Ligand SMILES: Nc1nc2c(ncn2[C@@H]2O[C@H](COP(=O)(O)OP(=O)(O)OP(=O)(O)O)[C@@H](O)[C@H]2O)c(=O)[nH]1
Ligand SMILES: [Mg+2]
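Chains as they are written, first to last, in the working numbering: chain X, 34 to 197; chain W, 61 to 579.
In structure tokens, the structure reads:
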């Protein structure tokens with residue numbers, strides 16, 4: 034049996050957390066928006082060079098107020114994946130503030146910043162904007178085209194194995 | 061009894077489970093879903109991976125709200141409570157089915173989130189539109205400015221050319237070129253205004269002005285033009301309007317010129333009337349109504365609504381055909397003055413444009429003491445005068461240098477030196493003696509503003525006090541103010557009108573002539 038690690042998807046609502054997860058686990062995508070309430074959990078085994086790892090991914094209801102996150106959802110997490118919507122600046126304007134809040138409460142959990150829906154924006158404009166706001170993203174992805182989705186989960190998994 | 065009731069009541073909505081620290085199911089009442097004793101509960105649903113972390117936490121109890129699970133093809137929402145027995149290394153899970161409750165909540169959140177996201181997206185689109193519009197306006201302003209510079213030198217050289225010995229035909233041709241160039245300048249100015257209005261940069265500046273004089277010069281100009289077209293120009297200006305009013309003379313002039321030019325353009329016989337009236341005798345502020353009435357071709361009904369549309373709107377609908385931006389500017393200017401331009405028209409009978417603006421009445425109705433300009437043209441052109449004034453020109457563009465040289469060539473009273481930038485101007489002033497500086501404002505290395513400041517702060521008293529005339533193609537009030545702040549004494553707009561240039565020079569030399577200087 035491989036090790037299992039808990040990952041939590043965080044971010045504003047409608048940024049594509051569920052879509053990324055569905056693309057990763059089932060390789061499907063839908064244009065329709067179905068709000069996630071509470072938490073929806075999926076798992077997938079990832080095969081890496083040396084080892085296998087089971088990612089248990091908690092897709093948590095989106096919010097713009099991180100102080101309201103239920104601590105029970107976040108307990109036992111090994112990694113946070115913070116997703117924002119590249120086409121809506123309001124979903125990344127408060128990243129720094131929210132991440133600081135997380136870092137304070139969960140100092141040992143690594144956080145990755147993902148800019149999703151890149152298929153909708155001009156990458157140069159986006160990169161400029163992110164730079165201007167000093168946001169260091171880990172990946173830019175699209176659940177719609179699948180760009181970087183597999184890669185980002187795999188890399189998060191690899192990092193978890195390294196640290197394990 | 062109560063216990064039994066409670067059991068019945070909760071039977072189908074709650075389930076109790078006992079699991080050990082290796083995820084093995086020890087006991088279950090199977091009320092919500094059935095699960096085999098001894099099986100690994102994480103195989104049933106990945107939520108239960110959380111059990112291992114329950115044993116790592118110090119808290120005995122936890123509650124997980126609204127956990128979504130697919131059970132027999134149905135989406136369920138559970139609240140799950142856990143209670144750990146650290147000694148026995150087992151945990152009791154109390155699972156409550158709240159699917160109905162959460163489904164209602166889901167609907168509410170669905171609507172709420174969707175509407176917020178739509179709002180975000182609209183906002184973002186608006187933001188982008190504004191950025192684009194700002195870009196367009198800046199572009200327009202820059203392009204207009206770029207076009208003005210060469211246009212000005214064309215106009216300047218045409219004036220020079222006009223004064224050389226030419227035959228009648230050549231003079232006619234120059235007249236046509238001059239008219240067209242002036243038209244072009246007017247269009248470029250309009251573009252500049254439009255971009256400023258749209259960017260919200262155009263401000264109405266209210267100042268005291270001589271209303272009588274203002275209307276007199278309008279009447280003079282259009283009387284002449286009407287005469288040329290064999291039209292009658294009728295003016296009816298209320299005698300009860302005070303002489304000195306407070307308002308934006310420049311913009312008011314722009315409005316009236318546009319409307320009068322249009323009226324003359326579209327009238328082929330009959331009259332054009334300018335009527336200005338007020339009904340008020342208020343001492344501080346009066347509404348003044350302006351009417352421009354013509355007996356021209358009129359405006360077809362279907363166009364009455366579109367004639368004021370802004371450049372942007374017309375362009376969008378493919379209607380922009382150089383038909384003049386005038387009316388849309390007039391409309392926007394009147395709006396800036398809190399007024400509304402109205403039009404009524406009948407085809408083949410004529411049009412009436414009408415607007416009312418509120419103007420302040422100056423409490424000081426006394427004539428200003430105008431210092432008469434002492435300008436004796438003979439004094440200037442005649443070589444009889446011994447003294448020659450030395451003028452220094454700061455100008456980087458070659459054609460403009462040439463143009464100035466031409467203007468000064470016919471003047472016996474002055475000699476002209478040219479410096480290529482502000483730094484050179486200061487250098488020349490330190491090295492040689494001059495009576496006056498003509499300074500282009502935009503120059504490389506050191507611009508006119510900086511140079512003027514240097515001069516005004518110079519340690520040499522003679523240099524410090526030299527009169528400076530700013531020359532520029534730009535015409536904004538701010539620049540005028542800035543030039544003044546930098547200590548410049550006068551301000552001339554290109555194309556330079558030679559008469560005005562020499563008048564200004566004479567005035568300043570007269571005023572600033574060093575008393576004991578002998579040169
Ligand atoms: N064009 C585009 N649309 C996307 C992408 N990812 C998600 N979407 C759309 O964005 C909307 C929201 O996606 P979800 O995955 O439900 O967003 P979420 O972050 O899970 O939202 P909550 O559950 O409310 O927090 C849906 O209409 C998706 O189709 C993407 O990469 N490109
Ligand atoms: Mg979701």
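Just so you know, even glycine gets a beta-carbon here, dropped at the ideal spot from N, CA and C. Owing to the predicted nature of the structure, the values given are computational and were not obtained by experimental measurement.
In the DSSP annotation of this structure, the continuous segment of the beta strand (DSSP E) that includes residue 553(W) starts and ends at 550-553. Taking 7 Å as the cut-off, the C-beta of residue 87(X) does not count as close to any heavy atom of ligand 2. If you look at residue 392(W), you'll find it in the alpha helix (DSSP H) that goes 386-396.
In terms of beta-carbon proximity, residue 126(X) stays away from the interface with chain W, with every pair separated by 8 Å or more. Excluding sequence positions up to five before and after residue 111(X), its CB lies within less than 7 Å of the CB of 38, 39, 40, 142, 193, all in the same chain and listed in chain order.
Look at residue 50(X): its beta carbon is less than 7 Å from one of the heavy atoms in ligand 2. Contacts with chain W (Cβ-Cβ distance below 8 Å) from the region 43-57 of chain X involve 46, 47, listed in chain order.
Excluding sequence positions up to five before and after residue 327(W), its CB lies within less than 7 Å of the CB of 291, 354, 355, 356, all in the same chain and listed in chain order. Using a cutoff of 7 Å, the CB of residue 64(X) counts as near ligand 1, since one of the ligand's heavy atoms is closer than that. If you check each beta-carbon in the region 63-85 of chain X against every beta-carbon of chain W, the ones closer than 7 Å belong to 66, 68, 70, 71, 72, 73, 74, 75, 76.
Between the region 203-212 of chain W and the region 239-252 of chain W there are three or more inter-stretch CB-CB distances shorter than 8 Å, so the stretches are counted as touching. With contacts defined by Cβ atoms closer than 8 Å, residue 475(W) and residue 451(W) form a contacting pair. Uninterrupted beta strand (DSSP E) stretches at least 3 residues long and entirely within the region 98-175 of chain X occur at 112-118, 143-149, given in chain order. Note that the C-beta distance between residue 126(W) and residue 72(X) is below 8 Å.
Counting only unbroken stretches of 4 or more residues, the alpha helix (DSSP H) elements lying wholly within the region 480-558 of chain W are 482-491, 508-516, 521-524, 537-545, in sequence order. Within the model, the alpha-carbon separation for residue 187(W) versus residue 181(W) is close to 10 Å. With the rule of 3 Cβ pairs closer than 8 Å, the region 211-229 of chain W does not count as touching the region 275-294 of chain W.
Distance from the C-beta of residue 152(X) to the nearest heavy atom of ligand 1 is below 7 Å. Taking C-alpha positions only, residue 513(W) is separated from residue 466(W) by approximately 29 Å.
Considering only 222(W), 242(W), 243(W), the residue with the shortest C-alpha distance to residue 233(W) is 222(W). For residue 347(W), the enclosing beta strand (DSSP E) covers residues 345-354.
Here residue 118(W) is exposed: its Cβ has fewer than 16 other Cβ atoms, across all protein chains shown, within 10 Å. Distance check between residue 316(W) and each of 333(W), 519(W), 305(W) places 333(W) closest, using alpha-carbon atoms only.
Residue 243(W) counts as exposed, since fewer than 16 other C-beta atoms from the protein chains shown sit within 10 angstroms of its C-beta.
Close CB contacts of residue 136(W) within its chain, under the 7 Å cut and outside five residues either way in sequence, are with 129, 157, 159 (chain order). Relative to the non-hydrogen atoms of ligand 2, the Cβ of residue 260(W) never comes closer than 7 Å to any of them. Counting along the chain, the unbroken alpha helix (DSSP H) around residue 115(W) starts and ends at 111-116. Listed in chain order, the alpha helix (DSSP H) runs fully inside the region 90-173 of chain W are 101-104, 111-116, counting runs of at least 4 residues.
Interface annotation, residue 180(W): in contact with chain X, CB-CB separation under 8 Å.
Here residue 140(W) is buried, its C-beta having at least 16 other C-beta atoms within 10 Å.
In the DSSP assignment, residue 367(W) forms no beta bridge with any residue.
Going by DSSP, residue 51(X) is part of the alpha helix (DSSP H) stretching over 50-59.
Spanning the alpha carbons of residue 77(W) and residue 143(W) requires a straight line of approximately 11 Å. Looking at the DSSP output, residue 307(W) bridges to 267(W).
Residues of chain X whose Cβ lies closer than 7 Å to the Cβ of residue 109(W) are, in chain order, 37, 39, 89.
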